[in-house]
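Residue numbers (our numbering), protein chains in the order written: chain A, 15 to 794; chain B, 15 to 794.
All C-beta atoms in this analysis are idealised placements derived from N, C-alpha and C, irrespective of residue type, glycine included.
Keep in mind that this is a model prediction, so the values were computed, not measured.
Protein chains: 2
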Amino acid sequence: MIKRFIYVLTLSFLICSCQGDSDTQSDSNSSLVTNITELTNAIKEAKPGTTIVLKNGVWKDIQVEFRGKGTKESPITIKPETVGKVTIEGESDLKFGGEFLIVEGLHFKNGFSPSNAVIDFKISNKDAADEIANNCKVTNCVIEDFNKPKRDNSDLWVNFWGRHNELSNCYIAGKTNRGPTVRVNISGIESINNYHQIVNNHFGPRPVKGGPSGETIQLGDSYTSMSPSHTMVANNLFEECNGEVEIISSKTNFNEFKNNVFYKSEGSLVTRHGNYVTIDGNYFIGDGVNENYGGIRIINTGHWVVNNYFYGLKGKSFRSPLAVMNGIPKSPLNRYNQVTDVVVAYNTYVNCSSPWQFGVGTNIAQADVLPKSEIRSARAIRTTVANNIIYNEKGLESIVVENDKADGVMFKNNIVDNQGVKFNDFNGGITEASLTLKKVSDNIMLPTGIPSNVEAYNGFDFNTIENDLFGTSRKDTKSIGAVIGVDVSNPNILDKSKYGTTWFSNEVEAKDPITHTVTKAEDLQTKINEATTGDIIALAEGIYAVNKSLVITKTLTIQSSGNAKAQLVFSGEANMPLFSLESKGKLTVNNLVLKGNASNYAFASLKENMSNHFGLTVSNTEISDFGYVLKAYKESFAERITFENTSIANCENGIELSEETNDKGDYNTEYLTINTCNFNNVKANVIDYYRGGYDESTIGGNLLITNSTFTNCGAKEKNKTLLNHTGIVNVNITKNTFKNNKVQFVSILWGAKNNVASENKITNSGQLKTEENLKMKLMY
Amino acid sequence: MIKRFIYVLTLSFLICSCQGDSDTQSDSNSSLVTNITELTNAIKEAKPGTTIVLKNGVWKDIQVEFRGKGTKESPITIKPETVGKVTIEGESDLKFGGEFLIVEGLHFKNGFSPSNAVIDFKISNKDAADEIANNCKVTNCVIEDFNKPKRDNSDLWVNFWGRHNELSNCYIAGKTNRGPTVRVNISGIESINNYHQIVNNHFGPRPVKGGPSGETIQLGDSYTSMSPSHTMVANNLFEECNGEVEIISSKTNFNEFKNNVFYKSEGSLVTRHGNYVTIDGNYFIGDGVNENYGGIRIINTGHWVVNNYFYGLKGKSFRSPLAVMNGIPKSPLNRYNQVTDVVVAYNTYVNCSSPWQFGVGTNIAQADVLPKSEIRSARAIRTTVANNIIYNEKGLESIVVENDKADGVMFKNNIVDNQGVKFNDFNGGITEASLTLKKVSDNIMLPTGIPSNVEAYNGFDFNTIENDLFGTSRKDTKSIGAVIGVDVSNPNILDKSKYGTTWFSNEVEAKDPITHTVTKAEDLQTKINEATTGDIIALAEGIYAVNKSLVITKTLTIQSSGNAKAQLVFSGEANMPLFSLESKGKLTVNNLVLKGNASNYAFASLKENMSNHFGLTVSNTEISDFGYVLKAYKESFAERITFENTSIANCENGIELSEETNDKGDYNTEYLTINTCNFNNVKANVIDYYRGGYDESTIGGNLLITNSTFTNCGAKEKNKTLLNHTGIVNVNITKNTFKNNKVQFVSILWGAKNNVASENKITNSGQLKTEENLKMKLMY
């Protein structure tokens with residue numbers, strides 16, 4: 015349930031009045047433009063110092079080529095009449111070419127880019143200096159839900175080229191289609207040693223994409239991973255950046271990640287390719303529950319991970335606070351180089367489930383089914399882990415989890431409070447101590463009580479670690495951990511006014527749902543349309559004859575108004591769904607009877623234009639006589655699909671989520687949960703959930719089937735398997751009953767991944783088999 | 015014939031007297047030491063400013079650990095009493111650990127290192143700052159023929175670690191064993207960003223090694239090729255550095271090669287791994303004949319090749335003046351990355367056979383026999399070739415040789431005088447002009463007469479190319495080519511006094527050979543011993559009964575004194591050679607009769623201790639009744655073995671050069687030439703010449719068999735092949751007669767390499783077959 019309340023901070027008013035929009039307009043270098051033609055002309059005529067002011071309102075379907083040459087002292091600026099009052103909508107984009115150009119205060123929404131980027135720091139590939147941007151800046155802007163209609167259509171929202179460009183104080187959220195939100199390209203000598211600044215932004219929620227290519231920031235790619243980039247990513251807030259396992263994928267050299275806050279983000283900062291990255295003074299804040307919040311995953315050479323603070327992270331393996339991967343010996347360019355020459359020093363870990371994992375991704379056991387060039391057997395070498403503090407409220411079995419031996423790692427002067435639980439101390443490199451926590455804020459608890467004889471190890475070049483997490487000089491102290499001392503003031507890392515724009519906030523005001531009662535079928539769609547997101551449609555007892563799809567475009571609950579189940583009898587034509595789940599249509603159906611005509615569907619996504627997610631929860635409901643219970647079309651995605659306490663009977667097909675056959679790691683839902691349901695006489699596709707392509711770092715789909723009964727199902731299933739979940743990484747089938755299903759297999763589990771089954775009763779229904787290794791198409 | 019004359023320059027006297035050896039000794043910070051114990055103690059006690067003086071003489075079997083901490087202003091120095099008068103001999107080495115340490119004026123000869131390096135900038139792997147060197151220097155020293163006794167035993171002569179170390183003004187020559195002469199290691203954070211200086215040295219002859227690992231300088235290796243090095247190689251003379259195809263193998267990032275002279279060196283400067291190397295203002299001087307003198311071979315990303323001068327180079331393919339290789343898509347770490355983002359600008363090429371080759375090393379045709387990870391199909395992209403001048407005395411068919419398409423290369427504003435012969439001008443990027451040469455010196459001829467409308471193309475960042483080859487500023491000129499204008503003074507690039515030490519020269523004085531006449535067998539070895547290198551032993555007519563090997567350790571000719579052939583009848587025991595060719599034993603036998611006893615040998619190398627090359631030329635000679643005509647043992651090597659106008663009859667075995675079975679690319683001779691010879695009844699190993707291991711960049715051995723007759727040979731040859739030359743890259747069998755040889759094959763040629771046969775008459779001798787692709791063991 016998302017409710018949005020947009021407020022303008024007093025502070026931002028102050029800033030605005032100081033910067034003075036009206037002042038600017040009266041300036042002789044300033045011109046107000048009202049349409050794209052005027053804007054284009056104004057750009058053409060702009061000189062150093064010119065400010066082009068966009069008239070307040072909606073600017074639709076504009077493609078802006080901002081070509082010009084400002085100077086450091088007198089840039090050329092495009093800005094709105096009033097910040098936040100100019101929205102860029104429809105099929106629009108903005109490209110920069112030239113020098114010292116600034117765009118500020120715009121709001122991109124209700125649209126998408128017709129090109130490969132919303133904001134591009136390059137206009138064309140022509141061999142000319144004014145086609146690529148240098149010293150250009152996008153600031154104080156918002157890009158929100160600016161998704162291509164098709165998930166597989168890839169784009170970037172901010173696409174860096176050139177040198178010394180900046181993305182600052184922006185709010186960017188809601189990308190669902192393929193492609194990182196922000197990318198820094200460095201192919202071509204014009205874009206190396208770029209020193210771009212990505213600073214002070216608020217990266218708001220990016221929902222789970224359901225497959226790879228959903229990073230929030232990607233720096234380069236494997237093909238340019240040998241090139242020097244020197245991109246700075248600093249002081250940003252990453253909030254619920256859940257697109258995929260990598261929030262930031264660093265693929266070039268000499269990048270710096272400083273003082274960022276990663277908050278409830280289901281992913282990690284990953285040094286995927288490239289080397290010599292500095293990760294200094296960042297906060298990784300979890301909730302002590304969610305196992306998908308990650309930390310820092312290390313691949314390659316020469317990284318320094320220092321002064322970082324990790325709190326309440328429950329991630330393990332790929333998602334550990336520190337996950338050091340095994341490499342592939344003599345790795346191909348696009349795979350995994352060995353970790354060498356890494357320094358992990360002066361970090362603090364509080365209440366993390368598995369602070370340090372080494373040998374992550376080792377797959378030596380799969381040497382028979384994978385080519386040699388895929389076997390990650392090269393352990394980290396020449397790596398130092400020193401001067402860190404770990405505090406565990408509840409002692410862990412291992413401080414260092416060795417998926418493969420950490421014998422190439424030197425541990426020095428690390429202190430752990432493990433509540434007395436014994437651990438491998440790596441030749442004294444990790445020492446037990448009794449610490450206590452001092453609360454600085456809700457998310458920052460600093461361990462105190464380091465024994466006075468513990469001094470920082472002085473490793474090679476450690477003198478270059480000049481300051482601690484809070485910027486205090488380390489010069490005159492031998493203190494370990496991220497913070498020197500504990501008498502520090504609250505850094506207010508989650509004060510959102512410190513990040514993003516001066517004028518936009520994603521803070522939401524709590525709102526109580528309104529219940530809209532419906533008593534006759536013809537009112538249904540009207541009431542649905544009237545409801546706002548989060549509301550409830552309550553159906554009085556009775557039978558509702560419906561002959562057209564009910565269109566759902568918001569978060570809604572539809573349920574019976576009393577205990578007795580209202581009945582929806584759907585006579586729509588073949589392949590038409592009773593509930594059409596469109597973009598942002600997140601439906602909960604509760605306590606209803608749904609009946610079809612054997613050829614139409616109960617629920618379906620749109621066939622196209624699913625630019626945002628749908629969602630479905632069905633509970634306490636009786637479903638019967640449909641062609642499909644749920645049909646998710648290609649490129650549609652739901653974070654969660656749940657059926658519970660529901661019966662499904664006499665349907666041609668069941669729950670169908672298998673159209674992502676591109677074998678690029680995509681799938682249609684992150685979590686499919688079937689709990690305490692009863693399937694009877696569902697003839698095919700009883701459960702069909704698919705993810706294709708070998709990709710060790712896509713670690714989703716999740717299928718849970720529990721406490722359910724399947725009877726007389728699968729009679730028409732061509733592959734003779736009742737529950738199909740090919741390629742889904744996490745599968746748990748437990749406490750179900752399978753009876754008289756005419757299939758060869760109940761399920762074929764993928765043993766090498768997290769596929770398990772237990773406590774199922776199987777009668778006359780074929781077998782439940784495990785295949786250790788699944789042969790999959792290599793994606794790379 | 016090498017004669018050596020060591021002279022001390024007047025200049026060096028001046029310098030010595032200024033620096034004042036005796037002055038130094040009288041200094042209170044100076045101590046004279048006479049043996050290793052005193053030296054060790056002196057090192058222990060040394061303080062900033064201390065000078066330790068080694069007493070003149072031979073210092074044998076010393077292992078020096080020079081551990082200390084000097085300062086920038088007051089280093090600690092080890093020097094000889096008199097420069098050049100202290101020789102380090104026997105099993106000796108020198109290791110540095112600490113800071114600001116200098117070693118100067120020493121002469122390493124008559125010995126070898128007992129460790130993996132002669133001079134090492136690291137003492138041990140202990141985690142301590144005084145075990146690795148920083149700001150240390152070796153200067154004004156000589157290392158000469160300091161070879162391990164066995165060729166396969168690898169070492170380095172100068173092994174860099176740490177940072178800011180220097181090898182300057184040294185003369186280094188004669189390495190024959192495995193391993194680069196100088197290596198810069200950067201594994202470990204202590205050695206990255208090292209800014210080492212390799213400057214003003216004279217790298218004298220390094221003979222052909224016969225297989226890989228014979229580089230003169232190697233910077234890093236593939237495993238550290240992602241690391242920043244910043245090593246400077248400048249103002250060095252590379253003279254006859256023929257060890258292998260790579261004179262310099264750059265395998266790290268950001269190295270600079272400036273103002274070096276490559277003179278008659280059979281190899282190239284190769285950017286083998288690593289990226290962003292600058293190759294600026296170097297001279298590559300050939301002789302207009304030798305096809306082995308190379309230029310610059312480019313692999314990987316971001317290199318700048320500017321202001322270089324290429325003269326009289328006849329190399330092609332791998333050895334072209336500019337050879338741009340194809341890469342392997344997604345290459346494994348140790349193979350070939352694609353060439354991208356390279357700039358080749360402002361170079362001048364005079365009378366080179368194939369100035370520019372692209373797609374070098376393409377092997378798409380071998381896709382069936384090689385794994386995918388070996389196929390070099392990725393062409394250069396984003397590469398600019400601009401502002402270069404080419405002058406060809408004789409027009410070339412192609413200015414750009416496209417082994418694979420150069421469609422990723424942009425040619426701009428290049429000028430060529432191709433004497434009117436048409437060529438592909440790449441969309442006008444290469445323009446014909448009529449130029450004339452202006453002679454600056456024997457090796458420097460500058461093209462003049464560039465049309466006045468031709469101006470330099472101003473590519474991205476071209477303004478960073480500040481100066482031309484001679485250091486003249488490019489700021490106010492749009493001139494193309496390596497040199498601005500032609501009114502320049504002779505840079506005297508081959509004046510050897512500009513490189514290397516103040517006190518040592520490898521200049522040789524011409525010397526006429528002396529003829530030593532021998533009339534009886536018992537005088538033979540005595541006269542051989544008396545002769546100096548280059549002399550002639552003349553045998554009076556008659557029969558010489560010899561029962562012990564004649565030992566050859568220098569360059570000698572042994573021949574009949576008149577037209578009539580003297581006869582050497584050898585009764586030595588089985589497996590004993592008549593001529594024992596030891597280290598540096600280069601024998602010419604002319605106009606003799608050599609007769610054995612069927613079990614002893616005519617010629618053989620030593621079984622071990624072949625620390626330097628042998629050589630053999632046999633002409634106008636009759637050889638018969640030997641067990642082997644020539645037996646080359648493992649790890650022995652001859653640059654040339656030639657038989658001409660010679661008959662070989664009734665021998666159990668012929669010419670045997672097949673002991674390098676390690677399949678690491680090694681072989682026993684570079685050139686085996688058989689011309690106008692007559693082989694009769696040689697039962698096995700008639701010719702057996704072997705090189706094993708798939709290695710695309712080892713481009714030797716060379717076998718020429720021409721105008722010869724083989725009759726009744728090979729009867730006992732187990733593999734039923736008369737001429738065995740497995741793995742030899744260049745084979746030419748032409749105009750020979752093969753008659754009644756009981757074999758299945760005369761020869762099996764390797765079609766994919768340079769193996770050819772023509773105009774041979776084959777009667778009753780099996781067939782001459784070509785196999786396109788040979789299955790070989792992968793070396794990498």
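Would you mind working out which of B/Val-532, B/Val-435 and B/Asp-134 sits nearest B/Glu-555, comparing C-alpha positions?
The residue labelled residue 555 of chain B in the question sits at position 541 within the second sequence. Each of B/Val-532, B/Val-435 and B/Asp-134 was checked against the Cα of B/Glu-555, and the nearest Cα belongs to B/Val-532.
Interface partners of A/Leu-686 on chain B, CB under 7 angstroms
The residue you call residue 686 of chain A lines up with position 672 of the first sequence. Ordered by position in chain B, no residue passes the 7 angstroms Cβ test against A/Leu-686, which lies about 34 angstroms from the chain.
Using the Cα positions of B/Ile-494 and B/Ser-503, report the straight-line distance between them to the nearest angstrom.
Along the second sequence, one-based indexing puts residue 494 of chain B at 480. Along the second sequence, one-based indexing puts residue 503 of chain B at 489. Approximately 19 angstroms, taken between the alpha carbons.
Any beta-carbon of chain A closer than 8 angstroms to the one on B/Leu-384?
Translated into the one-based positions of the second sequence, residue 384 of chain B becomes position 370. No, no contact with chain A.
Who are the near neighbours of B/Leu-251 in its chain, counting only those whose CB is closer than 6 angstroms to its CB and skipping five residues on each side?
Within the second sequence, the letter at position 237 stands for residue 251 of chain B. Closer than 6 angstroms at Cβ, skipping near neighbours: His-216, Val-275 and Tyr-513.
Please go through the same chain and pick out, in chain order, the residues whose beta-carbon is closer than 6 angstroms to the beta-carbon of B/Lys-600, but skip the five residues on each side of it.
Counting from 1 along the second sequence, the entry for residue 600 of chain B is found at position 586. Around B/Lys-600: Thr-569 and Gly-629.
Which same chain residues end up closer than 8 angstroms to B/Ile-146 when comparing Cβ atoms and leaving out the 5 residues on each side of it in sequence?
In the second sequence, the residue the question calls residue 146 of chain B occupies position 132. The beta carbon of B/Ile-146 sits closer than 8 angstroms to those of Gly-111, Phe-135, Lys-136, Ile-137, Trp-175, Gly-176, Glu-204 and Ser-205, all from its chain and outside the five residues before and after it, given in chain order.
Buried or exposed, going by whether 16 or more other CB atoms sit within 10 Å of the CB of B/Thr-540?
As a working note, residue 540 of chain B is residue 526 in the second sequence. It is exposed - the Cβ of B/Thr-540 has fewer than 16 other Cβ atoms within 10 Å.
Rounded C-alpha distance that separates A/Ser-466 from A/Val-500
Taking the first residue of the first sequence as position 1, residue 466 of chain A is located at position 452. Taking the first residue of the first sequence as position 1, residue 500 of chain A is located at position 486. Taking the straight line from one Cα to the other gives about 15 angstroms.
Consult DSSP for B/Gln-380 and reduce its assignment to one of helix, strand or coil.
The sequence position of residue 380 of chain B within the second sequence is 366, counting from 1. Assigned with DSSP and collapsed to three states, B/Gln-380 falls in helix.
Using three-state DSSP, classify A/Leu-120 as helix, strand or coil.
Here residue 120 of chain A refers to the residue found at position 106 when the first sequence is read from its first residue. Residue state for A/Leu-120 is assigned as coil, using DSSP reduced to three classes.
Measure how close the beta-carbons of B/Tyr-360 and B/Asn-402 come, nearest whole angstrom, since I'm counting them as under 8 angstroms.
The residue given as residue 360 of chain B occupies position 346 in the second sequence. The residue given as residue 402 of chain B occupies position 388 in the second sequence. B/Tyr-360 to B/Asn-402, Cβ: 7 angstroms. Contact.
Could you list which residues in chain A have their beta carbon closer than 7 angstroms to that of B/Leu-347, in chain order?
Against the second sequence, residue 347 of chain B aligns to sequence position 333. For B/Leu-347, the residues of chain A that pass the 7 angstroms Cβ criterion are Lys-344, Ser-345 and Asn-351, in the order they occur in the chain.
Do A/Val-696 and A/Gly-679 come within 8 angstroms of each other at the CB atom, strictly closer than that value?
What you label residue 679 of chain A is simply residue 665 of the first sequence in a count that begins at 1. What you label residue 696 of chain A is simply residue 682 of the first sequence in a count that begins at 1. No, these two residues do not count as a Cβ contact at 8 angstroms.
Kindly list the residues whose CB is nearer than 7 angstroms to the CB of A/Thr-38, restricted to its own chain and excluding five residues on each side of it in sequence; keep chain order.
Along the first sequence, read from residue 1 onward, the residue named residue 38 of chain A stands at position 24. Below a pLDDT of 50, predicted positions are generally treated as unreliable, and A/Thr-38, at 42, falls in that range; the measurement from the model is reported next regardless. Close CB contacts of A/Thr-38 within its chain, under the 7 angstroms cut and outside five residues either way in sequence, are with Ser-44, Thr-65 and Val-67 (chain order).
I need the straight-line Cα distance from B/Ile-413 to B/Asp-475, nearest angstrom please.
Mapped onto the second sequence, residue 413 of chain B falls at position 399. Mapped onto the second sequence, residue 475 of chain B falls at position 461. If you take the alpha carbons of B/Ile-413 and B/Asp-475, they lie about 26 angstroms apart.
CB A/Ile-261 to CB A/Thr-285, shorter than 8 angstroms?
As a first step, residue 261 of chain A is located in the first sequence; it is residue number 247 there, counting from the start. As a first step, residue 285 of chain A is located in the first sequence; it is residue number 271 there, counting from the start. Note that the C-beta distance between A/Ile-261 and A/Thr-285 is not below 8 angstroms.
Between which two residues does the alpha helix (DSSP H) carrying B/Thr-540 extend?
Here residue 540 of chain B is taken as the residue at index 526 of the second sequence, counted from 1. First-last of the alpha helix (DSSP H) with B/Thr-540: 538-544.
At least one CB of chain B closer than 8 angstroms to the CB of A/Met-240: is that the case?
Looking up residue 240 of chain A in the first sequence gives position 226. Cβ-Cβ to chain B under 8 angstroms: yes for A/Met-240.
Cα separation between B/Val-710 and A/Pro-385?
Along the second sequence, one-based indexing puts residue 710 of chain B at 696. Along the first sequence, one-based indexing puts residue 385 of chain A at 371. With the sequence shown as reference, residue 710 of chain B is identified as Glu, and Val is not the correct amino acid for it. In a straight line, the C-alpha of B/Glu-710 is about 24 angstroms away from that of A/Pro-385.
What three-state label does DSSP hand B/Glu-388 in the structure shown?
On the second sequence, residue 388 of chain B is found 374 positions in, with the first residue counted as 1. Helix.
Closer than 8 angstroms is the cut-off here; do at least three beta carbon pairs connect the segment 721-736 of chain B with the segment 754-761 of chain B?
Result yes; three or more Cβ-Cβ pairs closer than 8 angstroms.
Quick check on A/Gly-679 - is its C-beta less than 8 angstroms from some C-beta in chain B?
Here residue 679 of chain A is taken as the residue at index 665 of the first sequence, counted from 1. Answer no: the Cβ-Cβ gap between A/Gly-679 and chain B never drops below 8 angstroms.
Going by beta carbon distance, what residues of the same chain come within less than 8 angstroms of B/Asn-306, once the five residues before and after it are set aside?
By 1-based counting over the second sequence, the position of residue 306 of chain B is 292. Residues Asn-256, Glu-280, Gly-281, Gly-329 and Arg-333 of the same chain have their beta carbon placed closer than 8 angstroms to that of B/Asn-306, with the five preceding and five following residues left out of the count.
Report yes if the C-beta distance between A/Val-632 and A/Cys-665 is below 8 angstroms; otherwise report no.
The count along the first sequence starts at 1 and reaches residue 632 of chain A at position 618. The count along the first sequence starts at 1 and reaches residue 665 of chain A at position 651. No; because the gap between Cβ atoms is not below 8 angstroms, this pair is not in contact.
Could you check whether B/Asp-702 and B/Ser-722 sit closer than 8 angstroms to each other, using their CB atoms as the reference points?
For this step, residue 722 of chain B is matched to residue 708 along the second sequence. For this step, residue 702 of chain B is matched to residue 688 along the second sequence. Contact: no.
Using alpha carbons as the reference points, say which of B/Asn-634, B/Val-522 and B/Lys-621 lies closest to B/Asn-577.
Numbered from 1 along the second sequence, position 563 holds the residue referred to as residue 577 of chain B. Taking only the C-alpha atoms, the option nearest B/Asn-577 is B/Asn-634.
B/Met-790 beta carbon less than 8 angstroms from that of B/Arg-706:
Within the second sequence, the letter at position 692 stands for residue 706 of chain B. Within the second sequence, the letter at position 776 stands for residue 790 of chain B. A small fix is needed here, since residue 706 of chain B is Gly in this sequence, not Arg. In contact: B/Gly-706 and B/Met-790 (Cβ atoms closer than 8 angstroms).
Assuming A/Pro-527 contacts A/Ile-542 under a Cβ cut-off of 8 angstroms, what Cβ separation, rounded to an integer in Å, is found between them?
Counted from its first residue, the first sequence places residue 527 of chain A at position 513. Counted from its first residue, the first sequence places residue 542 of chain A at position 528. The distance from the Cβ of A/Pro-527 to that of A/Ile-542 is about 14 angstroms, inconsistent with a contact at the 8 angstroms cut-off.
Curious, which full-length beta strand (DSSP E) runs of at least 3 residues does the segment 709-757 of chain B contain?
Within the segment 709-757 of chain B, the complete beta strand (DSSP E) runs of at least 3 residues are 716-720, 723-725, 735-738, 744-748 and 751-753.
For B/Ile-203, which residues in chain A fall below 8 angstroms Cβ to Cβ?
Position 189 of the second sequence holds residue 203 of chain B. The contacting residues are Gly-316, Asp-355, Val-357, Arg-396, Phe-474 and Asp-475.
Using a Cβ-Cβ cut-off of 7 angstroms (strictly less than) and excluding sequence neighbours within five positions of A/Ser-619, which residues of its own chain qualify?
Within the first sequence, numbered from 1, the residue matching residue 619 of chain A stands at position 605. Once the five neighbours on either side are set aside, the close Cβ partners of A/Ser-619 are Leu-595, Phe-628, Ala-646, Tyr-647 and Ser-650.
If the criterion is Cβ atoms closer than 8 angstroms, does the pair B/Lys-453 and B/Thr-462 meet it?
One-based indexing of the second sequence puts residue 453 of chain B at position 439. One-based indexing of the second sequence puts residue 462 of chain B at position 448. Taking 8 angstroms as the cut-off, the Cβ atoms of B/Lys-453 and B/Thr-462 do not count as close.
Assign A/Glu-666 to one of three DSSP states: helix, strand, or coil.
In the first sequence, counting from the first residue as 1, residue 666 of chain A sits at position 652. In the structure shown, the three-state DSSP call for A/Glu-666 is strand.
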